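Take a look at the structure below.
Chains as they are written, first to last, in our numbering: chain B, 1110 to 1450; chain F, 1110 to 1450; chain P, 1110 to 1450; chain E, 1110 to 1450.
Okay, here's the thing in structure tokens:
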């Protein structure tokens, strides 16, 4: 961390600041220009609060050189982290490293018939995980909020019939017991900075699928992962799902460059959600292919057997037929990138 | 709500869609152009999901005419809602209607000495409510997270010594019991769409200070208020605290036009947080005056007796001296707008 | 176009508005609800100003059903437009339709040695067009502004030595005569809404490479193309080059979904500039592949033989070696999408 | 400027970089940490290109300490710059310093009757300058583009009848001769980074009203002013007119904190355009008062005698009656801030 002091600061003030910083177990290197003093801090600066430094009246600018996250940082764990989950069918699914994982299923679980049918069709097409929402974060209190516990039961039934591991969103730590049979717990975009939830979920030692918030930076996403990892969990699946912009053509803007950015900064696997990012089913295949080409470790896609009558987010769901064609295409792309699907 | 269908849709399809909409207790008015059919929906459309309509393949565009919130809507309650809280000193503080309320105090409670000193000085200067953070949402798990329960106890001690009502942030519904002596419960920007928390807090029947999320629209803020009000709470204090933008000169961009926008759409009182919006203490007085001029019903300001050594957010805190001068200035402004401070 | 009137509007007012709209050669279909009147407008609404309609006091909301552009619209020209340019070597280069075009070269022309060396190396690697900046839009008046006319002369020399067609940016219509030997004229992002320039350049009947502005919507980009096409030019190459966001990890955010969006709305070819979009050379290959996967018709890439000593934008330039490997990779991708490189 | 090098850089490389920087007339102060070398640059760094530094492979991060503008910087000219223009009536109008200036008039000049009537009414109400658009930047080539030269003639007629100085937008430097009688030349938001135009207009030695671009930073606006000032013009009037955001309630977001930010960084006067910022006439008075409260040196407001039938932007124009009431209110506000209207 580098601190540029304001011009005309007295020697006494510089020494006071230096003493204050040394108290925090940092070594301070001083560079004295003709009009300006610059301090370089060496040591563990992840615990140093940039804002607090900026508030000190003799400080002009602060530049963080080291990133503020540790466990999520690639320097901490140079090899790619790979998430491995065994299904009830005995097969292990992997996301990360060489493995490109495909998570598919409906936005919401609606009925036994629906979830079983979709589960079977996405499995046949090549999906590795079944996704389905039982608890749904909806912007209106009057919208359908998901089937809740009943929805989870239907998901578990689909897991038993197909052997596929489950991915489902948890909105409240008090729901945790009900998620015992859920293999990967999803934390939604709107909860990405629900720090209480992040701390608690980090203690459950299950793989966590963490969605990027609507207007959160790469660094903030990695800090949210750091919260989870600080609780003991080592496997966080980072998910780019579109950010807010000024254009309303698509629901959000898929930040495709977040994929190489996250892969460079972190060892954690990175997946893309083309369904929520665009909100438009006809764009999903193009965005899924772009994700693989950009280096993503997987996708999470909404598939619905009857998108027109889906209880939520139908506009962004593709049909099983479109999904099957997409997976075939992705297999060809995977060969070019030496990835295994 | 108006639905424009795609061109070349068959009569049968139009009738199917009409029947589907009528099932939802809506009256459908049809307008037949030469090439395009338009359906106008009359009835309670707050429960209608626009996304679901857009997913229907014969639908081209959907236009919502009625807002999706009801209890927060000014049409539901044409008069301004005024929040009234009685202090231990017997005096009632009001925010809304004619009353311009001032909430002041440190970002974080740090010590008995600190909170008592600040409480006394802001009270003397004219603040109506004391704010102070005991539980702090921090982007890093390694940053100071607040004194927690001990911080709440110190706040309550300050309340007893000064008589001022308290405002403090709750991050988890399980903390609710500890907030019994807190008069106004704050829901932070990062929890604005933590729908589980909104639902639960709505049942506590206390005034709720709801901060706008970093990248949430006016409508989304009012929908979050609607979640709280759906639980039974009638008094939600809406707070504009800056939105994310491309410029990093200020921490966020204070969306000053959100004040008249919210006042037009809703009967709820609207306050402004110039400290978090800008992150720069020297801007706070200018922004506080602008808030009053724009029609806000109050401000929430960070005041710290020693901003340089504050444990968090010192850069944005003003000193008690600056605060006193600001309140005097605001009193003059209030006269011009026939507001009572 | 659909106009929803406010509630409680008198019959007389509705008739006045209807008469006003019919004067503009529109047919007005009226739908009368119990409390609200909706007017549907049929005819050529591209000349209708939405803002003007919203200003009328009886109007509540306006919904545009038809897009405001015509010549750029796919409905106007259902087949893909393909840009064809013959080089001095007798070969024709194509972008659009089946053809994926590659434009490569340095950000700025710096010297004869530099531009000739880069031109030869990118040609050998498979580039179809040589790009190079002679007039550079720089945010500081004190930064290097390009070699100007001398830079154009060096570009033309490179064209003569290699036979490759040229792409270069024009900042002022008074420079047009000097661009006679430039095959494709680029209009930069900062001039995307310089309407005077768009009108004038549209009369030159050369292919125009139009870059999307930093914060312009899909519709605004197509309206800018419409300005050019209204002048008589039929071949506009649309270029996605990143939009502004709240995150500074990359210089801009590459809006990859703009590719399928523009292809759906328009018949014009769409290319991607991964160099300016990200500002980071190590991301360029991943983003170029994602562009092809998303359906783009080409890329424009900065290549520099000595990025560390480039006079501008070195950080985003790749070396000829990296470029050669990228083109080989893109050839494999192109096969999967039945594109010709 | 401070340069943090990557870890593990050889002594030879550090010395090469140091030599390269010293060639640019900078003094280099080196700070050697255990693992990292930091270089502090002293001298005129406005001509140094940050991007070029970042492209050098041994460089990790670059921190600019001095701002990249000089003539626009407050350090260059500590006192407020005040723009003074004498009207044909012999009176001098001032904006800046103690003076709060009011510029009012229609978006577009439409007819002699219209412009004369509005000019007289805004003058009577207290406006200091008459604004009116003759050349209009419109997003559609099919929209009304302004009356052009005829519009300028009508403006000049209004100037002769009222004595008020004129403000009007120039879109192309070739129009300059026609602007001889225009007292303050406006450069629109979409041309803020039309660097060719900025350079040329800087030579005309008239006061320039420079509007902030839709997604341009505080620094970029000041760099655009620097372009104009580099040409010899000393009086640039900076105008905040709203920035792009994710919310469509208002057309743009009025960045009210840009006012104190610009005033701190620069000696140039800063005005606010509440009409374009919000696009909603009913918000204009609140935003105009907020501008004064925030420290602005003036406002530019659209006033139209018949907003419903205005040829452009009627929705954002206030009537002469509303304008008169607003000016009276602003006079009261001005007293509180010791400003002269």
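Every residue, glycine too, gets a C-beta built ideally from N, C-alpha and C.
Values in this document were obtained by computation on a predicted structure and should not be read as measured data.
Could you tell me which chain P residues have their CB closer than 7 Å to the CB of residue i, listed as they occur along the chain?
i: residue 1305 of chain E; result: 1280 and 1281
i: residue 1177 of chain E; result: 1249
Quick check on the DSSP output: the alpha helix (DSSP H) that includes residue i runs from which residue to which?
i: residue 1424 of chain E; result: Where residue 1424 of chain E is concerned, there is no enclosing alpha helix (DSSP H), given that its DSSP letter is neither H nor E.
i: residue 1337 of chain E; result: 1327-1339
i: residue 1221 of chain E; result: 1221-1234
i: residue 1368 of chain B; result: 1367-1374
i: residue 1127 of chain P; result: 1120-1132
i: residue 1430 of chain E; result: 1429-1445
i: residue 1213 of chain P; result: Counting along the chain, residue 1213 of chain P falls outside any alpha helix (DSSP H), though it belongs to the beta strand (DSSP E) covering 1210-1214.
For a contact meaning CB atoms closer than 7 Å, what does residue i contact in chain F?
i: residue 1355 of chain P; result: 1353, 1354 and 1355
i: residue 1164 of chain B; result: 1416, 1417, 1419, 1423 and 1424
Nearest to residue i by CA position, among the options, is which residue?
i: residue 1246 of chain B; options: B:1163, B:1311, B:1217 and B:1113; result: B:1217
i: residue 1376 of chain P; options: P:1178, P:1320, P:1183 and P:1397; result: P:1183
i: residue 1209 of chain B; options: B:1110, B:1403 and B:1278; result: B:1403
i: residue 1388 of chain E; options: P:1319, P:1164 and P:1362; result: P:1164
i: residue 1347 of chain B; options: B:1318, B:1329, B:1367 and B:1446; result: B:1318
i: residue 1349 of chain P; options: P:1262, P:1408 and P:1233; result: P:1408
i: residue 1162 of chain P; options: E:1200, E:1425, E:1437 and E:1203; result: E:1425
i: residue 1273 of chain P; options: P:1293, P:1398 and P:1314; result: P:1293
i: residue 1175 of chain E; options: E:1374, E:1233, E:1400 and E:1383; result: E:1374
Do we get a CB-CB distance below 8 Å when we pair residue i with the residues of chain E?
i: residue 1170 of chain B; result: yes
i: residue 1199 of chain F; result: no
i: residue 1110 of chain P; result: no
Would a check of beta-carbon distances place residue i closer than 8 Å to chain P?
i: residue 1300 of chain E; result: yes
i: residue 1400 of chain E; result: no
i: residue 1210 of chain B; result: no
Can you name the start and end residues of the beta strand (DSSP E) that residue i belongs to?
i: residue 1113 of chain F; result: 1111-1114
i: residue 1318 of chain B; result: 1317-1320
i: residue 1170 of chain E; result: 1168-1172
i: residue 1269 of chain E; result: Segment 1258-1271 is the alpha helix (DSSP H) holding residue 1269 of chain E; no beta strand (DSSP E) there.
i: residue 1304 of chain E; result: That residue, residue 1304 of chain E, is in no beta strand (DSSP E); its alpha helix (DSSP H) goes 1304-1310.
i: residue 1411 of chain F; result: 1407-1411
Find the residues of chain P that neighbour residue i, judging by a C-beta separation of less than 8 Å, and give them in chain order.
i: residue 1101 of chain F; result: No answer is possible for residue 1101 of chain F: the residues shown for chain F start at 1110 and end at 1450.
i: residue 1387 of chain B; result: 1366
List, in chain order, every chain B residue whose beta-carbon is nearer than 8 Å to that of residue i.
i: residue 1140 of chain E; result: 1138, 1139, 1140, 1147 and 1149
i: residue 1246 of chain F; result: 1302 and 1304
Please tell me whether residue i and residue j are closer than 8 Å, where the distance is taken between their beta carbons.
i: residue 1115 of chain P; j: residue 1167 of chain P; result: yes
i: residue 1396 of chain B; j: residue 1296 of chain P; result: no
i: residue 1149 of chain F; j: residue 1111 of chain F; result: yes
i: residue 1383 of chain P; j: residue 1410 of chain P; result: yes
Output, in chain order, the set of chain P residues within a Cβ distance shorter than 9 Å of residue i.
i: residue 1155 of chain E; result: 1249 and 1251
Interface residues of chain F around residue i at Cβ under 8 Å?
i: residue 1441 of chain E; result: 1445
Against residue i, what residues of chain E qualify as contacts under a CB-to-CB distance less than 8 Å, listed in chain order?
i: residue 1327 of chain P; result: Simply none; closest approach about 13 Å.
i: residue 1392 of chain F; result: 1366, 1369 and 1370
Against residue i, what residues of chain B qualify as contacts under a CB-to-CB distance less than 9 Å, listed in chain order?
i: residue 1396 of chain F; result: Result: empty, since nearest Cβ-Cβ is about 18 Å, beyond 9 Å.
Please compile the residues from chain C whose C-beta is within a distance smaller than 7 Å of the C-beta of residue i.
i: residue 1363 of chain F; result: Among the protein chains in the structure shown, which are B, F, P and E, there is no chain C.
Give the residues of chain F in contact with residue i, contact being defined as C-beta atoms less than 9 Å apart.
i: residue 1358 of chain E; result: 1326, 1327, 1328, 1366, 1367, 1370 and 1374
I'd like to know whether the C-beta of residue i is nearer than 8 Å to at least one C-beta of chain B.
i: residue 1344 of chain P; result: no
i: residue 1383 of chain F; result: no
i: residue 1404 of chain P; result: yes
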